[in-house]
Structure formats: C-alpha cells, structure tokens
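For the sequence shown, our numbering assigns the number 72 to the initial residue and increments by one for each residue that follows.
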Amino acid sequence: MTDPTPFEAAPPPSDAGASRPLADHQHVVEALGRVRAAVARRVVGQDSAIDDALVAVLARGHVLLEGVPGVAKTLLVRTLAAALGARFGRIQFTPDLMPSDVTGVSVLRDGGFEFHPGPVFTDLLLADEINRAPAKTQSALLEAMQERQVTVEGEPRPLGTLFTVFATQNPVEYEGTYPLPEAQLDRFLLKVIVPYPSAEAEAAMLDRHADGFDPDRAEPLPPALDAATLAALRDAADGVRVAPEVRAYVVALIRATRDDPAITLGGSPRATVALLRAARAAALLDGRDFVTPDDVKALAPAVLRHRMRVAPELEVDGRTPDDVLRALLTRVPAPQ
C-alpha cells in the first residue's frame, strides 16, 4: 500500500451515493474547478470575490461582503449555495427586525410548545444589509457564528456543519444604520470588497442579458459536488502544510498591526488563527498542499481590514485600513 497523498480524505459513508473521495491532487483541482466554473457562469466579472467566498467555505468561516447595490452580492451567495448543493436562506435586515425573526420561536400547540425554526437554520445564510438592524438583533447571530448553535428559551439548538453567514453592507449609505460591534466584526473570517466589474466583464454580462439570460428566472443550477466531497475538501484544507517560518510570518504580521502607531486597534489572536486558516484554504484552491508567504500576503487585507482601526488623524486624511496594510506588508520581512 502506498503512502496517502497530502489531499487524501476518508472515504464517504456507504450511503453517500456516487461521490468520490479526494484521493489525489487532481481530484481536488477538478472538484474546486467545477464549483468555480459553475458560479462564474452566473456571476460575471467577480472572480476574486468568488475565490474569497470559496476560501471562507473551505476554512469554515463567515464573510462580510461590502459593495454598492447591484454588483451581484446576493447572486454570488445564492449561486454558490446551488453549486455546493447547500440550502440557501436570506434575511432582509431592517430596523424593526426582532431576534426571534432570526432564530425562531416556540408556539403553543395542542397543549404544548412547538419550536418553529427561524431562517438561521440553513447552510448558507445571506444576512442582507446586516447593519440596518439594531444591535440586539445583530447579536442574535453572534452565538450562531461562533458556536454554530442558537439558544432559544434556554435550550441550545445546533445548526448544520455547513452553516456559513454571508452578511452584506452598503458602503455609501449610512443613514438609518447601526455599526457592527467589534465583537461581531471579529467573528467574520473575511471582509470581501465586491467592486464594479471591469468594462469587458460588464460588456459580456450585457451580451448574456441581450440573448435572454435572466439569473432570477434561469433553470436551477445543478450541484457541482456532493456533501461528502465538500466535507473532504474542508478536511483537505485543514491538512495543508504550513512551514514553521510561514507560521512565524503570520504571527509577525498580526503583532505588527498592534505596534503600528497608524493603527489604534490591531488584529486579535482570533485574527492570527483566521489568517492561517484562510491561507491554507487559498493554497488548496490554488492546487497546492503547502502555504507560501504570498498566500498570507494575499489574504491579509481581507482578514484584517474589518478588524483594524486607523488612527483618527489618518482617517481625516482619507487613509484606509487597506492603505495602512499595504505599507505594513512591505515592512514586515517575509520568509524566502
């Protein structure tokens, strides 16, 4: 018997249907390529956001999506759920939304109480315009995001292993919004900026619509992989090798955010773990079984931009966390 490859995962249970275990590097590349291609057929011009969303799912993390209306944030999450064969749920956050509207309630029926689960009981949950709900309602997601369970009337109720929150924010409209508390921001693995598409991508999108394509009325997207394969991919991401010098580089970057005078709030220890997990998933997505310093550099902005606070005098000058991070990444030496 030969030694297992770095991507080998346990075989699926006997009732897993026709799924194939990820026995080698090629199967990993094929499985992730199928998901990428399936989502890109519906979501045009957002390849980087698609990859970041996949990184979060592989790393078992949550995502804060920020972009102006109309750049396909909702379509991205809905299409990703279909490609993964996962359940999709959506909550439109509003000022009058109550915590029970998220978690569910128990109602009296036939002389006893019956629990009616809320929309949080799904796989991929889109929390649309999360900053429009008051803090009490936002906090209803805290336990779900951290422990993948919700406690209703004193009873903990587990969520699925695939449960992932994709929350959206509008970066240009703040009237009637409630800023997310630091404790909640820290529970998002990544903050992904969803930009306008390029001119070429926008032209390609327009061509599709001119030919009659409408993503809201299109045929359902068939899953690109099954649950057992997705579980194996996540296990493979956990097994991606990280050399000691790369781990030391991760620690040095996070600690540098705490010592930089341009930053009043640096990355937490949770950020250190998040950067490692995200870099592992990114390496797997790139078809490698080891993390490079470039993986860490590439994911650092998405992992840290929502966890940092820039000094007020720099904010007045228009400096952003990404600006400060770019300078920091040039100062902290990367291993060769």
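Using N, Cα and C, we set each Cβ at its ideal position, and we do this for glycine too.
Among the options, the one whose alpha carbon lies nearest that of residue i
i: Asn241; options: Phe234, Thr235, Thr208 and Leu251; result: Leu251
i: Arg359; options: Asp309, Ala323, Ala382 and Arg326; result: Asp309
i: Glu386; options: Phe259, Ile334 and Gly338; result: Ile334
i: Ala127; options: Leu212, Asp118 and Thr235; result: Thr235
i: Pro227; options: Val263, Leu346, Glu273 and Phe186; result: Phe186
i: Leu233; options: Leu125, Ala323, Val313 and Glu316; result: Leu125
i: Asp123; options: Gln407, Thr239 and Leu370; result: Leu370
i: Val317; options: Gln407, Asp357, Ala270 and Asp394; result: Gln407
i: Thr300; options: Leu129, Leu256 and Asp199; result: Leu129
i: Ile121; options: Ala143, Ser269 and Val313; result: Ala143
i: Ser171; options: Arg180, Ser210 and Asp181; result: Ser210
i: Leu355; options: Ala109, Val321 and Ala307; result: Ala307
i: Ala109; options: Leu213, Leu147, Gln255 and Gln97; result: Leu147
i: Leu256; options: Gly338, Ala152, Arg397 and Glu244; result: Gly338
i: Leu230; options: Arg112, Gly183 and Glu214; result: Glu214
i: Val114; options: Leu304, Asp357 and Ser269; result: Ser269
i: Thr145; options: Arg402, Thr239 and Asp394; result: Thr239
i: Val100; options: Arg180, Ala303 and Ile201; result: Ala303
i: Ile201; options: Pro383, Pro315, Arg112 and Glu244; result: Glu244
i: Ala102; options: Asp394, Arg305 and Arg329; result: Arg305
Which of helix, strand or coil DSSP assigns to residue i
i: Thr232; result: coil
i: Pro315; result: helix
i: Arg26; result: No answer is possible for residue 26: the residues shown for the chain start at 72 and end at 407.
i: His377; result: coil
i: Gln117; result: coil
i: Leu222; result: A small correction: the amino acid at residue 222 is Thr; Leu does not occupy that position in the sequence shown. Note: Thr222 maps to strand in three-state DSSP.
i: Ala238; result: strand
i: Leu125; result: helix
i: Val387; result: helix
i: Pro227; result: strand
i: Leu336; result: strand
i: Met216; result: helix
i: Glu246; result: coil
i: Ser269; result: coil
i: Pro372; result: helix
i: Asp285; result: coil
i: Arg305; result: helix
i: Met276; result: helix
i: Gln97; result: helix
i: Glu79; result: With a pLDDT of 35 at Glu79, under the threshold of 50, the modelled position of this residue cannot be trusted; read the value that follows with caution. Coil at Glu79, not helix or strand.
i: Gly104; result: helix
i: Leu292; result: coil
i: Leu346; result: helix
i: Ala382; result: coil
i: Pro170; result: helix
i: Val403; result: coil
i: Val110; result: helix
Beta carbon of residue i nearer than 8 Å to that of residue j
i: Pro364; j: Ala405; result: yes
i: Gly175; j: Pro266; result: no
i: Val191; j: Val223; result: no
i: Arg258; j: Gln217; result: yes
i: Ala319; j: Gly156; result: no
i: Leu399; j: Asp331; result: yes
i: Phe237; j: Leu292; result: no
i: Val313; j: Leu347; result: yes
i: Ala198; j: Tyr249; result: no
i: Val367; j: Leu324; result: yes
i: Ala272; j: Gly116; result: yes
i: Ala352; j: Ala154; result: no
i: Val173; j: Thr150; result: no
i: Val403; j: Ala327; result: yes
i: Val321; j: Phe361; result: no
Paired residues, beta bridge with residue i - DSSP
i: Ile162; result: Ala198
i: Arg180; result: Gly183
i: Leu263; result: Correcting the residue identity first, residue 263 is Val in this sequence and not Leu. The partner list for Val263 (beta bridge, DSSP) reads Leu136.
i: Gly175; result: Pro188
i: Phe361; result: Arg312
i: Ile325; result: DSSP output for Ile325 lists no bridge partner at all.
Contact test: residue i Cβ vs the ligand FAD heavy atom, cutoff 7 Å
i: Ala382; result: With respect to small molecules bound, the structure shown includes none, and the ligand FAD cannot be examined in it.
Take every Cβ of the stretch 341-351, pair it with every Cβ of the stretch 372-383, and state whether three or more of those distances are shorter than 8 Å. yes
Measuring CB atoms only, is the stretch 123-134 touching the stretch 270-282, in the sense that at least three cross pairs come out at less than 8 Å? no
For the stretch 162-174 and the stretch 385-402, state whether three or more C-beta atom pairs, one from each stretch, are separated by less than 8 Å. no
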